[in-house]
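Here the sequence shown is numbered in the working numbering, starting from 4 and rising by one per residue.
Here a beta-carbon is modelled for each residue, glycine too, at the ideal position from N, C-alpha and C.
Just so it is clear, the structure is predicted and the values come from calculations on it, not from any experiment.
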Amino acid sequence: MQDDRKIRSVAIVGGGTAGWMAASAMAKAFAAPGGSAGPTITVIESETIGTVGVGEATIPPIRQFNSMIGLDEADFMAATGATVKLGIAFHDWSAPGSRYFHGFGDFGPEVRGQAYRQHLFRLHAEGRIDSLEAWSLPSVMAAKGRFAPPSDDPRSVLSAYSYAYHFDAGLFARRLRALAEAAGTVRLEGRIVDVTVDADRVQAVVLEDGRRVESDLFIDCSGFRGLLIEGALKAGYEDWTRWLPCDRAVALPCPATRAPVPYTAATALSAGWRWRIPLQHRVGNGYVYSSAFIDDQAALDELLQGLEAAPVAEPNRLRFVTGRRRMAWKGNVVAVGLASGFLEPLESTSINLIQTGIGRLLELFPDRDFDPALLTEYNRRTAQEFERVRDFIIAHYHLAGRSEGELWRHCRDNAPPDTLAAKLELFRARGEVSLLEDESFREDSWAAVLTGLGVWPRRVSPLVQRLDLDQVQAQAGRLADLIGRAAASLPDHAAYLDARRRSAMGAAA
Ligand SMILES: Cc1cc2nc3c(=O)[nH]c(=O)nc-3n(C[C@H](O)[C@H](O)[C@H](O)COP(=O)(O)OP(=O)(O)OC[C@H]3O[C@@H](n4cnc5c(N)ncnc54)[C@H](O)[C@@H]3O)c2cc1C
4 MQDDRKIRSV AIVGGGTAGW MAASAMAKAF AAPGGSAGPT ITVIESETIG TVGVGEATIP
64 PIRQFNSMIG LDEADFMAAT GATVKLGIAF HDWSAPGSRY FHGFGDFGPE VRGQAYRQHL
124 FRLHAEGRID SLEAWSLPSV MAAKGRFAPP SDDPRSVLSA YSYAYHFDAG LFARRLRALA
184 EAAGTVRLEG RIVDVTVDAD RVQAVVLEDG RRVESDLFID CSGFRGLLIE GALKAGYEDW
244 TRWLPCDRAV ALPCPATRAP VPYTAATALS AGWRWRIPLQ HRVGNGYVYS SAFIDDQAAL
304 DELLQGLEAA PVAEPNRLRF VTGRRRMAWK GNVVAVGLAS GFLEPLESTS INLIQTGIGR
364 LLELFPDRDF DPALLTEYNR RTAQEFERVR DFIIAHYHLA GRSEGELWRH CRDNAPPDTL
424 AAKLELFRAR GEVSLLEDES FREDSWAAVL TGLGVWPRRV SPLVQRLDLD QVQAQAGRLA
484 DLIGRAAASL PDHAAYLDAR RRSAMGAAA
C-alpha cells in the first residue's frame, strides 16, 4: 500500500455500543507499536437522540473483543454490572411447560472419529435417552447455578465449554468511551443535520451548530436510521419480515429478587417471546412481538403478567424491521451495528455482529483509493454472516410446536429459506449439520436447538450403528456421571461474581 494514500481520518457517526466498540477497537489496532501514526478517530454523538441501549446478552466471542482492547474481566464486570451467561433456557416453545437449553459447549468428545452427539442420537432412536442435556456441561452447570472459567487443559472435562456475559450495554459503551478517549479518540457532542455527498462518497457531516466534520472514512453507527449508509447513500434494505414477523419490543427492567442465574431465559408467549436477563443490579425483561398478531397494550399486559417484581422504569418501546442493509459498505461509508441491519435478540447476536463487522473492516482496511475488491469482499461476507444467523433464528420459530397463538401457526406454515431447508433435511436424514462459510453457531448449537424442539435424525452413521449398543449406553452413562460430578464440584455463580468484584476493588485501591 502506498503510504501517501493512507486513510488519515476516521469519523464514527454514533456513540452507542457500535460506535464505541468501533472507536476502542480501532484506537487499539492503530496503536500497535512499530508503525507510522494511525488515522485520527472522531466519534460524533447526540445525547438528545440517545441510544437503543437494551443490548444485554451476548455470545462467547465478546471475551476476545474485551481482551483485544485490553479490558480486564474484573474491570469490565464491575463497570457494566455483568453476570455470566452459559447459554439460553427456552421455555414453552414446543408446548406449555416444555424446556430445553442451548449451552455454549459441545456434547462430549469424539469417539472413534465420530462426534459424540451421533452416539447420543442413536441412543435416542433406540428409546434409551430423551434429551442431550446431561452431556452438555454448560447446561448442567446452569441448572445447578455453578460457574468457574473453563480449564486450560484440553484433556479435562472442565475444558468443554465457553461462556459469555449479560451486561448493561449503556454502561459498556461508557467504559469503552473512557478507553477510546484515553487512546486519543476525539468525541464531538451534537446533532448531525446534514450530510454532503460527492460522487457516492460522503465528504462531511454538518452539525446543528454549523460545525462541519470532514473525513476520509466514515463509519455509520447511527442506529436504525442509518444516517449515512441509507439517508445519504441509499444503500437499500433487504426486509426479512416474511420469515421473522416480530417487529416490536417492549422492555421493562425490575429489581432482582434472587441471586442471578448464569443463563438467559427465553419464554414463548402468544405473539413472540419474553427475555429474562439477570444483571448484578437488576433483571432485564422484554417482550419481542409481532404487531400483526398483538397490539401494544396487550403485549405490555402479557409482559407485566410474567414479571417477578414491580418494574423500576417506564416501558421502553422499540420498533424494528428485521433484515440487512444491501450494502453494508458503500463508497467511503461502512455501516456497523443497527445501521447495518437487525436480527431480533433471540440468540443475542447483535453485539457479536458489531464485533465481527469491526474485525472484518480492520482486516480489509482500505486506503483512500477504496479498492472495490475490498468493498465487495466485505459486503459478501457481511451478507452471509447475517443470513446464517437469520436461518438459525428462523429455525427456532419454524420448528416450535406451540399451538397457542396465530404467530406460531404462521411461522410453522411459512416455507424457510432454501439454505435452512437444506440444513434441516440433512439433519433429519443423518444428524449432520452442513456448516456454511461465516456461521456464528457450530454443529452442537444447531443440535441443541433442533433436538430441543423435537427434531431428531431418522438415521445415524453406519460407523456409529455398528458399535455394541449396551456398551455405548454404559459409556454414555459414565460420561453423564462425570459431567454431573464436575459441574457439582464448581463454586456457585454468585461466589464467582463476588470474587470478580473483590478483584476489581483491589485493582482500583
Ligand atoms: C429489543 C432489542 C433487544 C436487544 N437485545 C440485544 C441483546 O440481548 N444482545 C445483543 O447483542 N444485542 C441486542 N440488541 C441490539 C443492541 O441493542 C444493538 O445492537 C447495540 O446497542 C448497538 O446499537 P447501535 O450502537 O448500532 O445503535 P444506537 O444504540 O441506536 O446508537 C446510535 C447512535 O447514533 C447517534 N445518532 C443517531 N443519529 C444522530 C444524529 N443525527 N446526530 C448525531 N448522532 C446521532 C445516537 O446519538 C447514538 O449515539 C437489542 C436490540 C433491540 C431493539
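- In the DSSP annotation of this structure, the continuous segment of the beta strand (DSSP E) that includes phenylalanine 104 starts and ends at 102-106.
- In the DSSP assignment, tryptophan 276 falls within the unbroken beta strand (DSSP E) covering 275-281.
- Residue state for aspartate 421 is assigned as helix, using DSSP reduced to three classes.
- Between the alpha carbons of proline 263 and leucine 310 lies a gap of roughly 15 Å.
- In the displayed model, isoleucine 15 falls within a strand according to three-state DSSP.
- Residue state for asparagine 382 is assigned as helix, using DSSP reduced to three classes.
- For leucine 272, the enclosing beta strand (DSSP E) starts and ends at 267-272.
- Under the rule that a run must span 4 or more residues, the alpha helix (DSSP H) segments found entirely inside the segment 120-169 read 140-147.
- Look at glycine 362: its beta carbon is at least 7 Å from all of the heavy atoms in ligand 1.
- By the beta-carbon neighbour count (other beta carbons within 10 angstroms, threshold 16), leucine 349 is buried.
- Measuring C-alpha to C-alpha distances from glycine 287 to each of Ala259, Ser294 and Ala176 identifies Ala259 as the nearest.
- Contact holds between the segment 20-28 and the segment 41-51, because three or more Cβ pairs, one in each stretch, are under 8 Å apart.
- Taken through DSSP and simplified to helix, strand or coil, alanine 313 comes out as coil.
- With respect to leucine 456, tryptophan 96 sits close: the two C-beta atoms are nearer than 8 Å.
- Contact check between the segment 177-184 and the segment 85-96: fewer than three CB pairs, one atom from each, fall below 8 Å, which does not count as touching.
- Taking every protein chain shown into account, the CB of threonine 454 has 16 or more other CB atoms within 10 angstroms, so this residue is buried.
- Around the Cβ of alanine 398, a 10 Å sphere holds 16 or more other Cβ atoms; the residue is buried.
- Ranked by Cα distance from alanine 483, the first of Tyr119, Thr352, Met80 and Ala40 is Tyr119.
- The C-beta distance from valine 475 to alanine 254 rounds to 46 Å, too long to fall under 8 Å, and the pair is not in contact.
- When the Cα atoms are used, arginine 158 and glycine 480 turn out to be separated by approximately 19 Å.
- Within the same chain, and ignoring the five residues on either side of isoleucine 52 in sequence, the residues whose Cβ sits closer than 7 Å to its Cβ are Arg194.
- The Cβ atoms of methionine 80 and alanine 507 sit closer than 8 Å to each other.
- Under a 10 Å Cβ-count criterion, proline 141 is classified as buried, with 16 or more other Cβ atoms of the shown protein chains found around its own Cβ.
- For valine 216, the three-state secondary structure derived from DSSP is strand.
- Glycine 116 sits away from leucine 282, with the two beta carbons spaced by 8 Å or more.
- In the three-state scheme derived from DSSP, where H, G and I count as helix and E and B as strand, lysine 426 is classed as helix.
- Residue ranges of uninterrupted beta strand (DSSP E) with 3 or more members, entirely inside the segment 10-64 and ordered along the chain, are 12-16 and 43-48.
- Burial state of glutamine 121 is buried, judged by a 10 Å Cβ sphere holding 16 or more other Cβ atoms.
- Ligand 1 has no heavy atom closer than 7 Å to the beta-carbon of leucine 140.
- Taking C-beta separations shorter than 6 Å and ignoring five residues to either side along the sequence, the partners of threonine 199 in its chain run Gln206 and Ala207, following chain order.
- In the three-state DSSP reduction, histidine 94 falls in the strand class (E or B).
- Boundaries of the alpha helix (DSSP H) around aspartate 78: 76-83.
- Each residue's CA atom was taken as its position, placing aspartate 203 and aspartate 372 some 13 Å apart.
- In the DSSP annotation of this structure, the continuous segment of the beta strand (DSSP E) that includes threonine 199 starts and ends at 195-201.
- From the listed residues Ala312, Val143 and Thr244, the smallest Cα separation to tyrosine 292 is found for Thr244.
- Under the Cβ criterion (8 Å, minimum of three pairs), the segment 63-82 does not count as touching the segment 221-234.
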